[in-house]
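Asks:
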Amino acid sequence: MQRRVFRQLGISDEDADRRFGFFLQPFKYGAPPHGGFAFGTDRLVAILAGEENIREVIAFPKTQSGSDPMTNAPTPVDPAQLNELGIRLLPPPAKS
1 MQRRVFRQLG ISDEDADRRF GFFLQPFKYG APPHGGFAFG TDRLVAILAG EENIREVIAF
61 PKTQSGSDPM TNAPTPVDPA QLNELGIRLL PPPAKS
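Residues 1 to 96 in the UniProt record's numbering are what the sequence shown lists, from first letter to last.
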């Protein structure tokens with residue numbers, strides 16, 4: 001199903017594997033059981049462990065900057081993608 005979504009978005013199978021292989025590979029073994037219902041177990045574990053920050057008990061936390069060391073996300077955006085969407089990147093304003 002996810003590959004079909006990528007194809008609808010114009011992402012080839014090769015490009016999807018290169019960019020999202022970490023996500024697609026596990027689905028070759030079947031979808032994980034899920035029903036859209038969660039208990040918030042990570043928050044409960046943080047409370048039970050006496051941790052103030054939930055990141056201390058999450059198995060794959062993001063870094064302080066929001067990057068993901070397991071998947072190297074976020075990755076640079078292809079200029080063709082920005083162009084297709086009519087998005088122009090501007091440099092940050094100079095600090096005075």
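No residue lacks a Cβ here, since even glycine has one placed at the ideal position from N, Cα and C. No experiment lies behind these values; they were computed from the predicted model shown.
Could you please give the first and the last residue of the uninterrupted alpha helix (DSSP H) stretch that includes Asn-83?
Replies: As a position in the sequence shown, residue 83 is number 83, starting the count at 1. Unbroken alpha helix (DSSP H) run through Asn-83: 79-85.
Asks: Three or more C-beta pairs closer than 8 Å, one from the segment 42-58 and one from the segment 7-22: is that the case here?
Replies: Output reads no: the segment 7-22 does not touch the segment 42-58.
Asks: So Gln-2 packs on Phe-22, CB below 8 Å; how close in whole Å?
Replies: Numbered from 1 along the sequence shown, position 2 holds the residue referred to as residue 2. Numbered from 1 along the sequence shown, position 22 holds the residue referred to as residue 22. Actually they are not in contact, since the Cβ atoms of Gln-2 and Phe-22 sit about 12 Å apart, beyond 8 Å.
Asks: Using the three-state DSSP reduction, which class does Ala-16 fall into: helix, strand or coil?
Replies: Taking the sequence shown and counting its residues from 1, one reaches residue 16 at position 16. Ala-16: helix per DSSP, three-state reduction.
Asks: Kindly indicate if chain B contains any beta-carbon less than 8 Å away from that of Ser-65.
Replies: Structure shown: chain B not included; a single protein chain is present.
Asks: Going by DSSP, what residue range makes up the alpha helix (DSSP H) through Phe-27?
Replies: As a working note, residue 27 is residue 27 in the sequence shown. Careful: Phe-27 lies outside any alpha helix (DSSP H) and carries neither H nor E.
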